[in-house]
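Single-structure report; data block below.
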Amino acid sequence: MKEFREDPADAVVIDLGRLPSHGREVGDFLRGSKSTRLIPLLFVCTEGVEGDPEKVARVKETLPDAR
Numbered sequence: 302m303k304e305f306r307e308d309p310a311d312a313v314v315i316d317l318g319r320l321p322s323h324g325r326e327v328g329d330f331l332r333g334s335k336s337t338r339l340i341p342l343l344f345v346c347t348e349g350v351e352g353d354p355e356k357v358a359r360v361k362e363t364l365p366d367a368r
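Terminal number for the sequence shown in the working numbering: 368, no gaps in between.
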């Protein structure tokens, strides 16, 4: 992650299809670092699962600007 902080991406796409908790952790990490907090985040679910409404709401509370 050190390299990512030194040379951040223009945007990050996070797939919540298999391990949603890992995706949330990545989002939290990126928002917690001064050098990466402004990078746009896009959450997708490639397996066609809409997700548990409670979990989706929790992610939206934590990362309200993520789409």
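Ideal Cβ placement from N, Cα and C applies to all residues, glycine included.
Status (buried if at least 16 other CB within 10 Å, exposed otherwise) for residue i
i: F330; result: exposed
i: P321; result: buried
i: V345; result: exposed
One or two residues paired with residue i in a DSSP bridge
i: I340; result: BP columns for I340 are empty, so no partner.
i: D316; result: V345
Inter-residue spacing [alpha-carbon to alpha-carbon] between residue i and residue j
i: V313; j: E355; result: 23 Å
i: G327; j: K335; result: According to the sequence displayed, residue 327 carries Val and not Gly. Going from the Cα of V327 to the Cα of K335 covers about 14 Å.
i: L364; j: R332; result: 8 Å
i: G318; j: R338; result: 23 Å
i: D366; j: I315; result: 14 Å
i: R325; j: A358; result: 12 Å
Collapsed DSSP secondary structure at residue i in the structure displayed
i: D329; result: helix
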